[in-house]
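*Asks:*
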Amino acid sequence: MPPKREYSSDSDAELKVNASSVKKISSPRKGWTPTEESAFINIIDEIVKNNLWSMVKDHPDLAGRQNGAVISHWNAMVKKLRKTS
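Each residue of the sequence shown is one higher than the one before, starting from 1 at the first, in the UniProt record's numbering.
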């Protein structure tokens, strides 16, 4: 059975050194294309509308807002995001 590992502030420093010395395979970063940006906005919009909408409209911070106002505000925000991308 392996010995128990002792934790101390020194072992944390060793972990950081060891973790940083591991080589990672990475590709160079590239910017998002307009097509990817548009797809991303559409995907998030669909996720919110299909899966999270009931949680959003029933949130206590939005209790004073009517459902139509919340939906209209969301659609306006998405429209603005689509114009800027």
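No residue lacks a Cβ here, since even glycine has one placed at the ideal position from N, Cα and C.
Name the residue from ALA39, THR84, LYS79 and ILE71 whose alpha carbon lies nearest to the alpha carbon of LEU52.
*Replies:* Of the candidates ALA39, THR84, LYS79 and ILE71, the residue whose Cα lies closest to the Cα of LEU52 is ILE71.
*Asks:* From what residue to what residue does the alpha helix (DSSP H) around VAL56 run?
*Replies:* 53 to 57
*Asks:* For TRP32, which option in SER26, PHE40 and ASP58 has the closest C-alpha, if you only look at C-alpha atoms?
*Replies:* PHE40
*Asks:* Note the first and the last residue of the continuous alpha helix (DSSP H) segment covering GLY68.
*Replies:* 67 to 84
*Asks:* Which residue marks the beginning of the alpha helix (DSSP H) containing PRO28, and which one marks its end?
*Replies:* First-last for PRO28: undefined, no H or E at that position.
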